[in-house]
Amino acid sequence: MPVYAFGDRNRVVRTTAYTCSESDHLIYGSKNATGTYLRYTDKVRSAAADWSFYPVGTTFRIKGLPYLYVVDDYGSALTGTGTIDIYKPNKAVMNQWGRRNVEITIVQWGSFNRSAEILAGRTGFSHCRSMLANIRRQQSGSNTGVAKL
């Protein structure tokens, strides 16, 4: 995958898919890391990512698809990878997606401050500690918690 400067709106990213019926997601049910329900509508869909790459609330579109994706979840396997995990309603649809490199356009960057607030209460998990440390490193170089374009 190419390396992008933070703020580049258009990029090619590796995507995978997940569903709430996977064994590692069962304890969370259909809720995401923000505590709200995972979305899979005809307009808006949930996505998971490393919040130090794509902070919570980041919205994007995948070239060729009509949906707006919202980063409202994270996953331990995503930490440090730059991969985006696309939420799917069941295992069949998840498996159909597989792994894809896709072009995305960032519509709006999310909030590092909000990401850090959520992660600060979850430092018992190594992937949350890692994301939080990366966010704090990034924030120490700027005076804002909102991703700049």
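Using this note's numbering, read the sequence shown as starting at 1 and increasing by one per residue.
By construction, the Cβ of each residue, glycine as well, lies at the ideal position given by its N, Cα and C atoms.
Keep in mind the model is a prediction, meaning the values are calculated, not measured.
The alpha helix (DSSP H) enclosing LEU132, as first and last residue numbers: In the DSSP assignment, LEU132 falls within the alpha helix (DSSP H) that extends over 126-140.
Inter-residue Cα distance where the pair is ALA17 and ASN32: Cα to Cα, ALA17 sits roughly 14 Å from ASN32.
Candidates VAL12, GLY82, TRP109, of which the one nearest SER59 by Cα: The sequence shown places Thr at residue 59, not Ser. Closest in C-alpha terms to THR59, from the list VAL12, GLY82, TRP109, comes TRP109.
First through last residue of the beta strand (DSSP E) which encompasses VAL56: VAL56 -> no beta strand (DSSP E), and no H or E assigned at all.
Proximity to LEU68 [Cα-Cα], best of ILE118, ILE104, HIS127: ILE104
Short Cβ contact (8 Å threshold) for ARG122 with CYS128: yes
Where LYS63 falls: helix, strand or coil (DSSP): coil
Sub-8 Å separation of VAL13 and ILE84 beta-carbons: yes
Nearest-angstrom Cα separation, counted from LEU38 out to LEU119: Rounded to the nearest angstrom, the two C-alpha atoms are 18 Å apart.
Close Cβ partners of ARG45 (< 8 Å) along its chain, the five nearest in sequence each way excluded: ARG39, TYR67, LEU68, TYR69, VAL70, ILE86, TYR87
Sub-8 Å separation of SER111 and GLY35 beta-carbons: no
Burial state of SER52 (16 or more Cβ within 10 Å): buried
Sheet register partners of ASP85 (DSSP bridge): THR16, ALA48
Classification of GLY124 by the beta-carbon crowding that lies within 10 angstroms, buried from 16 upward: exposed
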